[in-house]
Amino acid sequence: MATAYDIIKRPIITEQSMSETENKKYTFEVAKDANKIQIAKAIEEIFGVKVAKVNTLNMQGKEKRTGAYPKGRRPSWKKAMITLTEDSKTIEFFEGMV
């Protein structure tokens, strides 16, 4: 069985995702085979917060050129947007980023 740290790979730190932290919405890269229930349990276990909703989407890897002939592709990955409940505390990891 995968641990919580196997499911949650890294936070997504972009301008758009950081603007959503005011509304208690956080974005993470997660394991491709993880479902919404596993993601919610992993977030609650790691950060000690209450998850209200989880939205996921599969991100297609970008096509890259390495010269003329051998086209390559970056790996595909899965993104999860987490919404916390109103009475939940915020995730402290994102506090100094805004």
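Residue numbers for the sequence shown follow this note's numbering, beginning at 135 and rising by one.
All C-beta atoms, glycine included, are put in the ideal place defined by N, C-alpha and C.
All figures in this text were calculated on a predicted structure; none of them were measured in a lab.
Item	Value
Limits of the unbroken alpha helix (DSSP H) element including Glu-149	149-153
Reduced DSSP category for Asn-157 - H, G, I as helix; E, B as strand; rest coil	helix
Cβ neighbours of Ile-146 in the same chain (closer than 7 Å, five flanking residues each side left out)	Thr-161, Phe-162, Glu-163 and Lys-213
Classification of Ala-136 by the beta-carbon crowding that lies within 10 angstroms, buried from 16 upward	exposed
Spatial distance of Leu-191 from Ala-202 (CA atoms)	32 Å
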